[in-house]
Structures are given as structure tokens and as C-alpha cells.
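Read in order, the letters of the sequence shown are residues 12 to 136 in my numbering.
Think of the CB as a built atom: it goes at the ideal place given N, C-alpha and C, for glycine as much as any other residue.
Here is the structure we will look at.
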Amino acid sequence: MMSLLSLCTALALSACAVPADHRSEADTIKQSLNAIVSEPALAASSNPNDYIAGNRDLYDAILQTGEGGLQFLLNQLESSPEDGLKEWIMAQASAELLGEDNPVHSWKSGKDWIRQYKTNSDQVS
12 MMSLLSLCTA
22 LALSACAVPA
32 DHRSEADTIK
42 QSLNAIVSEP
52 ALAASSNPND
62 YIAGNRDLYD
72 AILQTGEGGL
82 QFLLNQLESS
92 PEDGLKEWIM
102 AQASAELLGE
112 DNPVHSWKSG
122 KDWIRQYKTN
132 SDQVS
């Protein structure tokens, strides 16, 4: 009986352990975005593309989240009260994930992009 309990406990504990490479899309995006916008070497730049270029591996990790990541980005961008660097990077990643399906071709900020995206998406639906 005791060995069965030990076996069940061991199985339960191992099921709770999630390897780092299987992080959720949301965690990957949040951690990557926070690292990108916090890059001290780029703090003097006002160009969001500099932050992407300086952290290409982190930005690529966001893009690799695919469709699930796109939905998370759209939700975060729409609900964010801010309209700064992070929102611009979320909009850029969303546009890249959408590829040819991106209905927005000219935008000034992340909130501008999501507003145009929602307007164009609502018209297509």
C-alpha cells in the first residue's frame, strides 16, 4: 500500500513539472516583450525597430507562437491602456503573423494598428 501511494505521489508531482521549452504562448510572449522593451543598451533609441533588431531571438520567439500567439497579442493590444513601445511591438508582431491577411498597411502606433485591424476585420465578418 505504501509503495502504491509513493508511486501515485511521484506520478502526480512529475505531471506538474512543465519543461521550460513547453511554456505557454502567453508566457513566451510576455517574457519576450518584457525583455525586449527593458533592453538597457537600446534605452536611448526612439525607434521600435531598433528594439526588435537588437533582440531578434526574442522577437522570433514571439513569432513562433503562431496562431495562438496572434490571438493573445490581439487581446493584449486591445485591452492595454498604454500606447507605447510594447504596444508597437505587439502590433508589428501581429502584422507579421497575419502576413498577407493583414488588412492594415499604414499605422502610427500599436493602438492605431489594432483600431484599424478591428474596423477592417468587422467589415469582412
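Cβ-Cβ separation, residue j to residue i (assumed contact under 8 angstroms), whole Å
i: Ile63; j: Gln103; result: 7 angstroms
i: Leu81; j: Leu109; result: 7 angstroms
i: Leu85; j: Ser43; result: So it is not a contact: roughly 16 angstroms between Cβ atoms.
Span separating the alpha-carbon of residue i from that of residue j
i: Trp99; j: Trp124; result: 8 angstroms
i: Ser105; j: Pro114; result: 11 angstroms
i: Gly79; j: Asp38; result: 12 angstroms
i: Gly77; j: Asp71; result: 11 angstroms
i: His33; j: Ile73; result: Summary for His33: the model assigns pLDDT 41, below 50, so the residue's position carries little reliability; its value from the coordinates is reported in the next sentence. Their backbone Cα atoms lie some 14 angstroms apart in a straight line.
i: Asn58; j: Glu89; result: 22 angstroms
i: Arg67; j: Thr130; result: 30 angstroms
i: Glu36; j: Asp112; result: 21 angstroms
i: Asn45; j: Leu96; result: 11 angstroms
i: Asp133; j: Val48; result: 31 angstroms
i: Pro92; j: Ser120; result: 13 angstroms
i: Ala51; j: Asn60; result: Ala is not the amino acid found at residue 51; the sequence shown has Pro there. One C-alpha to the other measures close to 15 angstroms.
i: Tyr128; j: Gln87; result: 14 angstroms
i: Leu16; j: Ala55; result: With a pLDDT of 41 at Leu16, under the threshold of 50, the modelled position of that residue is not reliable, and no figure is offered here.
i: His116; j: Asp94; result: 18 angstroms
i: Met101; j: Gly65; result: 16 angstroms
i: Arg126; j: Gln75; result: 24 angstroms
i: Phe83; j: Trp118; result: 20 angstroms
**Message:** For a minimum of 4 consecutive residues, which ranges assigned as the alpha helix (DSSP H) are wholly contained in the segment 34-115?
**Reply:** 36-48, 59-65, 67-74, 77-90, 96-109
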